[in-house]
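The next block holds one structure in the form of structure tokens; read it before the comments.
Number of protein chains: 2
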Amino acid sequence: MSLALEVARAAKEAAAVLATLLSGVKNAALFGMAAALRRAEATLLEVNAAEVAKARAAGRGAAFLDRLTLTPGRLRRTAEGLEAVAALPDPVGEITDMRRRPNGLLVGRMRVPLGVIGVIYEARPNVTADVAGLCLKAGNAVVLRGGSEALETNGALAALLGEAAAAAGIPKGWLGFVASPDRAAVSEMARLDRYIDCIIPRGGEDLIRAVKAAATVPVLAHEKGLCHTYVDAAADLAMAAEVAFNAKVERPGVCNAMETLLVHEAVASAFLPPFGARLKAAGVEVRGCPRTAALVPGVVPASDADWDTEYLDLILAVRVVASYEEAVAHIRRHGSGLAEAILTADHATAMRFLREVDAGAVFVNASTRFTDGGEFGLGAEMGVSTQKLHARGPVGLAELTCTKFVILGDGQVRQSQR
Amino acid sequence: MSLALEVARAAKEAAAVLATLLSGVKNAALFGMAAALRRAEATLLEVNAAEVAKARAAGRGAAFLDRLTLTPGRLRRTAEGLEAVAALPDPVGEITDMRRRPNGLLVGRMRVPLGVIGVIYEARPNVTADVAGLCLKAGNAVVLRGGSEALETNGALAALLGEAAAAAGIPKGWLGFVASPDRAAVSEMARLDRYIDCIIPRGGEDLIRAVKAAATVPVLAHEKGLCHTYVDAAADLAMAAEVAFNAKVERPGVCNAMETLLVHEAVASAFLPPFGARLKAAGVEVRGCPRTAALVPGVVPASDADWDTEYLDLILAVRVVASYEEAVAHIRRHGSGLAEAILTADHATAMRFLREVDAGAVFVNASTRFTDGGEFGLGAEMGVSTQKLHARGPVGLAELTCTKFVILGDGQVRQSQR
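And the structure:
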């Protein structure tokens, strides 16, 4: 039996027990996991340091090494995160929509765990604990497969967390870790639909493509963020400058940062010259359409590819549009479905944008940077889904569950219909 | 450009318009479609009769020919079905969970269409109209690919319904029909994730397996129904006999019929002999475990394969179990996740079963035959999902939509956190 299969089978068995555990047991386990992380700090940092040194020797870049590195501060925040998840309300067991049918049957929906969640991720070790904590709170078993260059760190974390949870009464096998550097383990996991109920790939476009192509397990995809901000003809330009600047500059390397700014032609000559100067002062490279170039000095002419590029950097594509409709059409064509924003003082236009723009999060007069489970009040998140099936936008605890129908009768039988 | 790609692209364009239409427009289209079906009855029956004759000449069996055949009665019920869908409340546009965040942002969820739904089905022509009507009401465009032996009938239906809807103001391209007998069109459709948001395969296990293996589009799978009914030690045996008989006999050829009966040993000798006689009188073949065979004359010994077989026929597998736990373990191992029932007068056991059994519909003291969107009060259904992601159990209008986050601000920007 392959490693992935063995791990997934054990997780499936654990999931049946886990689904019925009361919140108190799960919360105690989360606190136990946090405590274990704090106790094992020195060991974990040591295992990680050796792995970081190996990756550095292999010539990995600074950004990769940064993501791979554990620090006392990161470990502390991870432990605090587990305690914060314990404090969230337990979604499991809620019964809603219970209605009495004409034949007397009571039909309702009960919220239940998804079962076994497979998570395929890259080098960041903190994902191991974040994902394990959220899945546990929602009553799910989890099968983790992290990047091969973080195998030692992730393996140590998974073993530690699994033992701490077991000590608090969580069934063994709940936290499965596929400790194989072999890429084939990824596609194998994605085909274990008898044991895994959902696969969440977290990483670059190539990883997500590969998982989707191989999978028979349902996938909850988190793809790129190509977010637009549209400055409408009726925008408050001072507010627009603050919000658009924040969306680009506050943290450019994340998926909810703005990549393209669209500006209505009626306000372009008032808005773009000062905004362009502010971007320049902040070190942002502007790639613009010809009309943008005419208004902002030093603009690099945008190529077609720019409208489809997630820079994740201090680069911004800027286009002047002739109308609201042109802005929405541009978003429809180039947006990735993560987050889109309009800046306008006109109520009817704002309401139209909310309805007409298709994305996980649609903003009026606020920065796309708020696209985050914590900011939305979900407590924590597994990531941001860009698909439409099951979950769209930040994926919180509720999105790690589903509902089943529960039906209470007193002997009802179905009548034949001809 | 291939046919499937062309159809899917046109559907995607139509979907953007369709998503914003008001209910009145969609309802008028549904009434127009129903009227068109009634007007074209003679033509449709003629096209269908030729196709049925061809299938008969090709040696197709009676059940297949029955599913393929249109009759005046079936067409009438299909038209009535479209009118019933028009009468259902429109799920699109509902805004829920709108909450004010500490920074003043209003964050809520808006219910929106999925976009483009691909449906891959087999020979039943009534599926064409049922699916088109439900998708339209939920604001979705649809790409249909029916079985090759019903190509003429389905094509005529799709053209008729598409034109009737267009006459009522629905954008052209909304109802796409992939009129290709080539099986390759199925896997091609399943990979058009740029244009299709969700694929629903309706048909046999082979079809569903093939779609899941090929798909990069998220799949909403409707697999087999291997439903159990468990007669608990505390069951009211008279009620149990009525409910179990109904679950098996009322319509054995459908997915929510019972395939396996589990009986607690404490009541087996009281329950099984008379129930076995009643089954025999109704022409049901019983395949039983040794303890069943000792209580019921004429039982065929069950093989291991019987516990995993969806008979869809007047055949029932019967097993005597030593405990509630053994019954639940049997269901966990052999159930398909569609519907499971317990018959018991004991409240605590009933509540435990509701929590512990993992299926789209879990029944207490009622027939699994009620697993149906109409019976559950959803108004109508696309089928019954056996997966956990997105929808579990009957798929109604709400399950043909998703939610996006809508966020209303007045200039909020995100503060840097270090």
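Chain order of the listed sequences is A and B.
Add 5 to a position in the first sequence, counting from 1, and you land on the number used in the working numbering.
Add 5 to a position in the second sequence, counting from 1, and you land on the number used in the working numbering.
For each residue, glycine too, the CB sits at the ideal point set by N, CA and C.
Under the assumption that residue i contacts residue j (Cβ atoms under 8 angstroms), give the Cβ distance between them as a whole number of angstroms.
i, j, result
"Gly-109 of chain A", "Met-244 of chain B", "13 angstroms between Cβ atoms; not a contact."
"Arg-419 of chain B", "Asn-251 of chain A", "6 angstroms"
"Asp-102 of chain B", "Gly-113 of chain B", "5 angstroms"
"Arg-283 of chain B", "Ala-246 of chain B", "7 angstroms"
"Ala-7 of chain A", "Glu-255 of chain A", "The sequence given here has Ser at residue 7 of chain A, not Ala. In fact, because the Cβ distance is near 44 angstroms, the residues do not count as touching under 8 angstroms."
"Ala-385 of chain A", "Gly-365 of chain A", "Actually they are not in contact, since the Cβ atoms of Ala-385 of chain A and Gly-365 of chain A sit about 17 angstroms apart, beyond 8 angstroms."
"Ala-19 of chain B", "Pro-176 of chain B", "4 angstroms"
"Lys-31 of chain A", "Tyr-200 of chain A", "No, Lys-31 of chain A and Tyr-200 of chain A are not in contact; Cβ-Cβ is about 22 angstroms, not under 8 angstroms."
"Leu-197 of chain A", "Ala-21 of chain A", "Leu-197 of chain A to Ala-21 of chain A, Cβ: 16 angstroms. No contact."
Are the beta-carbon atoms belonging to residue i and residue j less than 8 angstroms from one another?
i, j, result
"Thr-406 of chain B", "Pro-118 of chain B", "yes"
"Asn-261 of chain B", "Leu-165 of chain B", "no"
"Ala-137 of chain B", "Glu-88 of chain B", "no"
"Glu-56 of chain B", "Leu-73 of chain B", "yes"
"Ala-350 of chain A", "Asp-241 of chain A", "yes"
"Ala-62 of chain A", "Phe-69 of chain A", "no"
"Val-323 of chain A", "Thr-297 of chain A", "yes"
"Gly-144 of chain B", "Val-191 of chain B", "no"
"Ala-220 of chain A", "Ala-249 of chain A", "no"
"Val-289 of chain B", "Lys-253 of chain B", "yes"
"Leu-75 of chain B", "Ala-134 of chain B", "no"
"Pro-223 of chain A", "Pro-399 of chain B", "no"
"Leu-212 of chain A", "Leu-49 of chain A", "no"
"Gly-382 of chain A", "Arg-104 of chain B", "yes"
"Asp-318 of chain A", "Gly-281 of chain A", "no"
"Ile-320 of chain A", "Val-362 of chain A", "no"
"Leu-403 of chain A", "Leu-225 of chain A", "According to the sequence provided, residue 403 of chain A is Ala. The question's Leu does not apply to it. For Ala-403 of chain A and Leu-225 of chain A, no; Cβs fall outside 8 angstroms."
"Met-115 of chain B", "Val-325 of chain B", "no"
"Asp-311 of chain A", "Arg-292 of chain A", "yes"
"Val-52 of chain B", "Glu-154 of chain B", "no"
"Ala-173 of chain B", "Gly-37 of chain B", "yes"
"Ala-171 of chain B", "Leu-141 of chain B", "no"
Please check if any C-beta of chain C sits within less than 8 angstroms of the C-beta of residue i.
i, result
"Arg-374 of chain A", "This model lacks chain C altogether, as its protein chains are A and B."
At a cut-off of 7 angstroms, would you count residue i as near the ligand FMN, judging by its Cβ distance to the nearest heavy atom?
i, result
"Thr-376 of chain A", "What this structure holds is no ligand at all, so the ligand FMN is not there to describe."
Handout entry: Cβ contact check for the region 122-133 of chain B and the region 388-404 of chain A: 3 or more pairs under 8 angstroms
Key = The region 122-133 of chain B vs the region 388-404 of chain A: no contact.
Practice task
Using a Cβ-Cβ cut-off of less than 8 angstroms, list which residues of the region 14-30 of chain A approach chain B; keep chain order.
Solution key: Ala-21, Ala-24 and Thr-25
Exercise for the section: Just list the alpha helix (DSSP H) runs in the region 330-382 of chain A, keeping only unbroken ones of 4 residues or longer that don't cross its boundaries, in chain order. Expected result: 352-361
Practice task
Give a yes or no on contact between the region 231-239 of chain B and the region 255-267 of chain B, applying the rule of three or more CB pairs nearer than 8 angstroms.
Solution key: yes
Problem - Interface positions of the region 169-190 of chain A facing chain B (Cβ-Cβ less than 7 angstroms), listed along the chain - result: none
Handout entry: the region 176-193 of chain B / the region 139-156 of chain B touching (three or more Cβ pairs under 8 angstroms)
Key = The answer is yes - the region 139-156 of chain B touches the region 176-193 of chain B, with three or more Cβ pairs under 8 angstroms.
Handout entry: Residue ranges of each beta strand (DSSP E) within the region 137-175 of chain A, 3 or longer
Key = Counting only runs of 3 or more, we get 146-150.
Exercise for the section: Determine, using beta-carbon pairs with one atom in the region 23-34 of chain B and one in the region 369-382 of chain B, whether at least three such pairs fall under 8 angstroms. Expected result: no
Practice task
Give, in chain order, every residue of the region 101-120 of chain B whose Cβ lies closer than 8 angstroms to some Cβ of chain A.
Solution key: Going along the region 101-120 of chain B in chain order, one finds Arg-104, Arg-106, Leu-110, Val-112, Met-115, Val-117, Leu-119 and Gly-120 with a Cβ nearer than 8 angstroms to chain A.
Handout entry: Uninterrupted alpha helix (DSSP H) stretches inside the region 9-93 of chain A (no shorter than 4 residues)
Key = 28-44, 46-62, 67-73 and 77-92
Handout entry: the region 53-76 of chain A: positions lying closer than 9 angstroms to chain B by Cβ
Key = none
Handout entry: Runs of alpha helix (DSSP H) lying entirely within the region 227-255 of chain B, each at least 4 residues, in chain order
Key = 242-254
Problem - Residues, ordered as in the chain, of the region 397-422 of chain B that lie near chain A by beta-carbon distance below 7 angstroms - result: Arg-397, Gly-398, Cys-407, Thr-408, Lys-409, Phe-410, Val-411, Ile-412, Leu-413, Gly-414, Asp-415, Gly-416, Gln-417, Val-418, Arg-419 and Ser-421
Exercise for the section: Could you please tell me which residues of the region 334-354 of chain A, in chain order, have their CB closer than 7 angstroms to any CB of chain B? Expected result: Taking 7 angstroms as the Cβ-Cβ cut-off against chain B, the residues of the region 334-354 of chain A that qualify are Arg-337.
Exercise for the section: Assess, as a yes-or-no matter, whether the region 193-210 of chain A is touched by the region 235-249 of chain A under the definition of 3 or more beta carbon pairs within less than 8 angstroms. Expected result: The region 235-249 of chain A vs the region 193-210 of chain A: no contact.
Problem - Under 9 angstroms (Cβ pairs) to chain A, residues found in the region 226-256 of chain B - result: Ala-226, Asp-241, Ala-243, Met-244, Ala-245, Glu-247, Val-248, Phe-250, Asn-251, Ala-252, Glu-255 and Arg-256
Handout entry: Validate contact between the region 306-315 of chain B and the region 271-282 of chain B using beta carbons, cut 8 angstroms, 3 pairs
Key = No, they do not touch.
Problem - Residues of the region 376-394 of chain A with Cβ closer than 9 angstroms to any Cβ of chain B, in chain order - result: Thr-376, Asp-377, Glu-380, Phe-381, Gly-382, Gln-392, Lys-393 and Leu-394
Handout entry: Contacting positions in the region 141-157 of chain A - beta carbon closer than 7 angstroms to chain B
Key = none
Exercise for the section: Output the residue ranges of the alpha helix (DSSP H) runs that lie fully inside the region 87-126 of chain B and measure 4 residues or longer, sorted by chain position. Expected result: none
Exercise for the section: Give the residues from the region 196-207 of chain B that approach chain A closer than 9 angstroms (Cβ to any Cβ), ordered along the chain. Expected result: Arg-196, Asp-198, Asp-202 and Cys-203
Practice task
Report the residues of the region 359-374 of chain B with a CB closer than 8 angstroms to any CB of chain A, ordered along the chain.
Solution key: Leu-359, Arg-360, Glu-361, Asp-363, Ala-364, Gly-365, Ala-366, Val-367, Phe-368, Val-369, Asn-370, Ala-371, Ser-372 and Arg-374
Handout entry: Members of the region 299-316 of chain A that neighbour chain B once the beta carbon cut-off is set at 9 angstroms
Key = none
Problem - Completely contained alpha helix (DSSP H) runs for the region 250-287 of chain A, where each covers 4 or more residues - result: 270-286
Practice task
Taking only runs that begin and end inside the region 282-326 of chain B, name each unbroken beta strand (DSSP E) of 3 or more residues, in chain order.
Solution key: 290-293 and 320-326
Exercise for the section: Name, going along the chain, the residues of the region 207-221 of chain B whose beta-carbon falls closer than 7 angstroms to a beta-carbon of chain A. Expected result: Lys-217, Ala-218 and Thr-221
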